[in-house]
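Chains as they are written, first to last, in our numbering: chain F, 4 to 311; chain R, 5 to 252.
Report on the structure given below.
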């Protein structure tokens with residue numbers, strides 16, 4: 004695991020060194036046309052947004068959207084066919100891999116925030132995530148206030164960890180935090196009783212519960228702890244490519260097609276286990292579809308502190 | 005390099021504001037405070053695991069060279085069990101599987117489980133080195149000790165082990181440094197050591213390069229300090245002419 008962190012660091016350093024060379028590149032559209040294909044950054048396991056089917060195949064809401072976007076771009080560029088490659092990425096390497104040109108469009112579960120906007124660009128918001136709490140159905144816990152002194156699980160390397168810390172500070176509560184190394188591991192902490200609650204993005208919680216041995220034993224409870232826009236990511240300073248991606252997505256939003264695609268991944272049974280996540284689009288997600296924008300997470304928080 | 009931001013370590017972990025002294029106060033902590041505390045966890049896990057590894061590794065290594073077949077079997081079985089299962093899998097077994105079989109283990113802090121897992125994993129490797137050290141000695145030494153009436157424990161205590169341990173100090177040094185680096189898997193069971201800090205802090209601050217360089221430096225310092233300590237011990241216990249190639 005140590006080699007992994009060193010490797011990530013090496014990647015970041017390599018990306019940093021490579022960045023200036025790509026600043027003179029004449030854009031992703033030209034790259035796609037010249038090379039006859041595009042590389043899509045995907046996640047192994049990001050709930051219904053982006054996940055692997057095995058065999059190097061990937062699917063999910065964002066992967067589906069990206070495939071439609073790339074099909075539009077293919078038409079726009081007048082290409083008879085486009086070779087789409089999948090490149091699995093992680094939270095640690097997705098931004099460096101985007102900057103150094105390994106991936107052209109990332110269709111995973113990346114939160115759009117101001118810090119990241121310095122390094123990459125985001126398409127219009129296609130999904131708004133709400134951070135909530137999963138507990139065992141028989142635990143009697145219904146709100147975050149009841150978690151004082153309890154073990155609360157979350158996943159290392161996610162924004163939920165910082166969120167919990169802020170919440171603890173603001174409300175004077177004291178959680179015992181336990182960190183899973185990935186979402187499946189954090190869920191195992193809840194399942195085995197090492198944790199009383201699991202704080203995470205609700206679509207990930209819903210997906211994990213749906214896939215568990217006894218979905219009826221768990222439920223998602225309590226207030227919405229945070230709201231974050233999850234966007235398709237691309238290289239910064241490439242307005243032509245961003246416009247092509249945005250136009251294609253806005254077309255899906257205006258026609259209402261995006262709601263059908265959402266339905267397919269979040270409300271119908273999905274492979275590989277053929278279970279349904281069962282998560283209706285949140286009001287914030289519907290609002291983002293109605294008024295396409297690429298506002299960062301900070302704008303959502305501001306809106307919330309004003310209203311609630 | 006121009007856009008590096010070392011101020012990241014001085015940021016408060018709650019609101020991300022830069023604290024002028026770089027150390028938090030009044031219950032607030034900065035990323036520097038957090039990294040130093042993570043370093044403490046890394047050092048604690050490493051040193052305690054090393055102690056466990058040395059005790060069990062030496063014991064099992066010795067058993068594997070005794071005349072008793074059952075003791076040799078025990079030592080061999082121990083070594084093969086712990087060195088043939090990947091470390092991360094062993095940690096998961098200690099943390100998730102064993103407590104499901106033995107409910108009492110559920111209340112054991114994960115810190116102790118990691119020390120046990122890392123310590124026993126490394127003990128298998130040390131056992132192999134101890135066995136090799138003892139077997140590298142000429143057979144005549146053991147026979148001579150027995151001939152002058154030493155019991156088996158005395159043979160080991162006064163004749164075999166003093167030489168064997170001197171011979172294996174160099175590989176033991178590597179193993180002790182490995183334990184520091186292997187301690188990074190403890191992040192998987194929620195120990196907030198350096199790797200967990202790096203994974204989390206780079207996500208929160210988006211300053212992965214600075215964070216990883218800081219963490220890398222601390223790993224290097226820790227492992228190198230262990231190297232220097234064992235090098236010092238090696239020089240102090242050296243007996244001139246004892247080891248054939250010891251022409252230092």
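Quick reminder that beta carbons are idealized off the backbone N, C-alpha and C, glycines included.
Outcome for residue 86 (chain R) when other beta-carbon atoms lying within 10 angstroms are tallied against a minimum of 16: Position 82 of the second chain, counted from the start, is the residue given in the question as residue 86 (chain R). Burial call: buried.
DSSP beta-bridge partners of residue 207 (chain F): Taking the first chain and counting its residues from 1, the one referred to as residue 207 (chain F) is at position 204. Bridge partners of residue 207 (chain F): none, in fact.
Contacts of residue 18 (chain R) in chain F (Cβ-Cβ under 8 Å): On the second chain, position 14 is the one that residue 18 (chain R) refers to. Correct list: 168, 169 and 172.
Nonlocal neighbours in the same chain, by C-beta distance under 6 Å from residue 131 (chain R), ignoring five residues either side: Indexing the second chain from 1 puts residue 131 (chain R) at position 127. The residues are 61, 64, 65 and 83.
DSSP three-state assignment for residue 50 (chain R), whether helix, strand or coil: As a first step, residue 50 (chain R) must be located in the second chain, where it is residue number 46. Helix at residue 50 (chain R).
Coil, strand or helix - residue 105 (chain F) by DSSP: Here residue 105 (chain F) refers to the residue found at position 102 of the first chain. Looking at residue 105 (chain F) - three-state DSSP - the assignment turns out to be coil, as it is neither helix nor strand.
Complete runs of the beta strand (DSSP E) confined to the segment 52-135 of chain F [at least 3 residues]: With a minimum length of 3 residues, the continuous beta strand (DSSP E) runs that stay inside the segment 52-135 of chain F are 53-57, 60-62, 86-91, 108-114 and 123-125.
Cβ contact (3+ pairs, closer than 8 Å) linking the segment 30-50 of chain F and the segment 61-72 of chain F: Yes, they touch.
Span of the alpha helix (DSSP H) around residue 109 (chain R): Working through the second chain from its first residue, we reach residue 109 (chain R) at position 105. No residue range can be given for residue 109 (chain R), since it is assigned to no alpha helix (DSSP H) and is classified by DSSP as neither H nor E.
Neighbour-count burial assignment, residue 288 (chain F), 16 or more Cβ in a 10 Å radius: Position 285 of the first chain, counting from 1, holds the residue named residue 288 (chain F). Buried: at least 16 other Cβ atoms inside 10 Å.
Residue 179 (chain F) - containing alpha helix (DSSP H), residue span: If you number the first chain from 1, residue 179 (chain F) lands on position 176. Taken as a continuous stretch (DSSP letters only), residue 179 (chain F) belongs to no alpha helix (DSSP H), being part of the beta strand (DSSP E) at 179-183.
Proximal residues, the segment 99-130 of chain R versus chain F, C-beta separation under 9 Å: Residues of the segment 99-130 of chain R whose Cβ lies closer than 9 Å to any Cβ of chain F, in chain order: 99, 100, 103, 104, 110 and 114.
Rounded C-alpha distance that separates residue 25 (chain F) from residue 105 (chain F): Residue 25 (chain F) sits at position 22 when you count from the first residue of the first chain. Residue 105 (chain F) sits at position 102 when you count from the first residue of the first chain. Residue confidence for residue 25 (chain F) is low, a pLDDT of 42 falling below 50, so the modelled location carries little weight and cannot support an answer.
Meets three-Cβ-pair contact criterion under 8 Å: the segment 42-51 of chain R and the segment 222-238 of chain R: The segment 42-51 of chain R makes contact with the segment 222-238 of chain R, as at least three CB pairs between them are under 8 Å.
Cβ shell of residue 28 (chain F) (< 8 Å), same chain only, five flanking positions each side left out: Mapped onto the first chain, residue 28 (chain F) falls at position 25. Low confidence applies here, because residue 28 (chain F) scores a pLDDT of 49, under 50, leaving its location unreliable; read the following figure in that light. For residue 28 (chain F), where only same-chain residues beyond five positions count, the Cβ hits under 8 Å are 34 and 104.
Nearest-angstrom beta carbon gap, residue 135 (chain F) and residue 18 (chain R) [assumed within contact, 8 Å]: By one-based count along the second chain, residue 18 (chain R) stands at place 14. By one-based count along the first chain, residue 135 (chain F) stands at place 132. Rounded, the Cβ-Cβ distance is 21 Å, inconsistent with contact.
Residues near residue 206 (chain R) by beta carbon distance below 8 Å, same chain, minus five either side: Indexing the second chain from 1 puts residue 206 (chain R) at position 202. Here the set comprises 212, 215 and 216.
Min CB distance residue 137 (chain F) to chain R below 8 Å: Locating residue 137 (chain F) in the first chain gives position 134, counting from the first residue. Interface residue (Cβ-Cβ distance to chain R less than 8 Å): residue 137 (chain F) is not classified as such.
Close Cβ partners of residue 296 (chain F) (< 8 Å) along its chain, the five nearest in sequence each way excluded: Taking the first residue of the first chain as position 1, residue 296 (chain F) is located at position 293. The answer, listed in chain order, is 127 and 128.
Contact set for residue 303 (chain F): own chain, Cβ-Cβ below 6 Å, skip 5 residues either direction: Here residue 303 (chain F) is taken as the residue at index 300 of the first chain, counted from 1. Contacts found: 230.
Residue 20 (chain R) versus residue 278 (chain F) - alpha carbon distance: Residue mapping note: residue 20 (chain R) aligns to position 16 of the second chain, counting from 1. Residue mapping note: residue 278 (chain F) aligns to position 275 of the first chain, counting from 1. About 40 Å.
Residue 226 (chain F), enclosing beta strand (DSSP E) - first and last residue: One-based indexing of the first chain puts residue 226 (chain F) at position 223. Residue 226 (chain F) -> beta strand (DSSP E) spans 221-238.
Cα-Cα separation, residue 152 (chain R) to residue 167 (chain R): Start at 1 with the first residue of the second chain, and residue 152 (chain R) comes out as number 148. Start at 1 with the first residue of the second chain, and residue 167 (chain R) comes out as number 163. Each residue's CA atom was taken as its position, placing residue 152 (chain R) and residue 167 (chain R) some 18 Å apart.
Runs of alpha helix (DSSP H) lying entirely within the segment 191-243 of chain R, each at least 4 residues, in chain order: Segments of the alpha helix (DSSP H) lying fully in the segment 191-243 of chain R: 198-209 and 212-241.
CB contact flag (residue 115 (chain F), residue 39 (chain F), <8 Å): The residue labelled residue 115 (chain F) in the question sits at position 112 within the first chain. The residue labelled residue 39 (chain F) in the question sits at position 36 within the first chain. Against a cut-off of 8 Å, the Cβ pair of residue 39 (chain F) and residue 115 (chain F) comes out as no contact.
Closer than 8 Å to chain R by CB, residue 55 (chain F): The residue given as residue 55 (chain F) occupies position 52 in the first chain. No, residue 55 (chain F) does not count as interfacial toward chain R.
Residue burial classification, residue 286 (chain F) (beta-carbon count within 10 angstroms, cutoff 16): For the purposes of this step, residue 286 (chain F) is identified with residue 283 of the first chain, where counting begins at 1. Under this definition residue 286 (chain F) is an exposed residue.
Proximal chain F residues relative to residue 63 (chain R), where beta-carbon distance stays under 9 Å: Indexing the second chain from 1 puts residue 63 (chain R) at position 59. Ordered by position in chain F, no residue passes the 9 Å Cβ test against residue 63 (chain R), which lies about 28 Å from the chain.
C-alpha gap between residue 193 (chain R) and residue 111 (chain F), whole angstroms: Locating residue 193 (chain R) in the second chain gives position 189, where the first residue counts as 1. Locating residue 111 (chain F) in the first chain gives position 108, where the first residue counts as 1. When rounded, the distance between both Cα atoms is 26 Å.
Touch test, the segment 86-100 of chain R against the segment 111-127 of chain R, Cβ-Cβ under 8 Å, three pairs minimum: The segment 86-100 of chain R is in contact with the segment 111-127 of chain R.
C-beta contact flag for residue 184 (chain R) and residue 230 (chain R) at 8 Å: Walking along the second chain from the start, residue 184 (chain R) turns up at place 180. Walking along the second chain from the start, residue 230 (chain R) turns up at place 226. It is a contact, given that the beta carbons lie within the stated cut-off.
Straight-line gap, residue 29 (chain R) to residue 204 (chain R) (C-alpha atoms, nearest Å): Within the second chain, residue 29 (chain R) is the residue found at index 25, counting from 1. Within the second chain, residue 204 (chain R) is the residue found at index 200, counting from 1. Here the alpha carbons of residue 204 (chain R) and residue 29 (chain R) stand approximately 21 Å from one another.
Cβ shell of residue 128 (chain R) (< 6 Å), same chain only, five flanking positions each side left out: What you label residue 128 (chain R) is simply residue 124 of the second chain in a count that begins at 1. Closer than 6 Å at the Cβ level, and outside the excluded window around residue 128 (chain R), lie 83, 86 and 87.
Cutoff 8 Å: residue 3 (chain F) Cβ touching any chain R Cβ: Nothing about residue 3 (chain F) can be reported from this structure: the residues present for chain F run from 4 to 311 only.
Straight-line gap, residue 163 (chain F) to residue 203 (chain F) (C-alpha atoms, nearest Å): As a first step, residue 163 (chain F) must be located in the first chain, where it is residue number 160. As a first step, residue 203 (chain F) must be located in the first chain, where it is residue number 200. Their Cα atoms are separated by approximately 6 Å.
Endpoints, the beta strand (DSSP E) within which residue 45 (chain F) is located: Numbered from 1 along the first chain, position 42 holds the residue referred to as residue 45 (chain F). 40-45 is the extent of the beta strand (DSSP E) around residue 45 (chain F).
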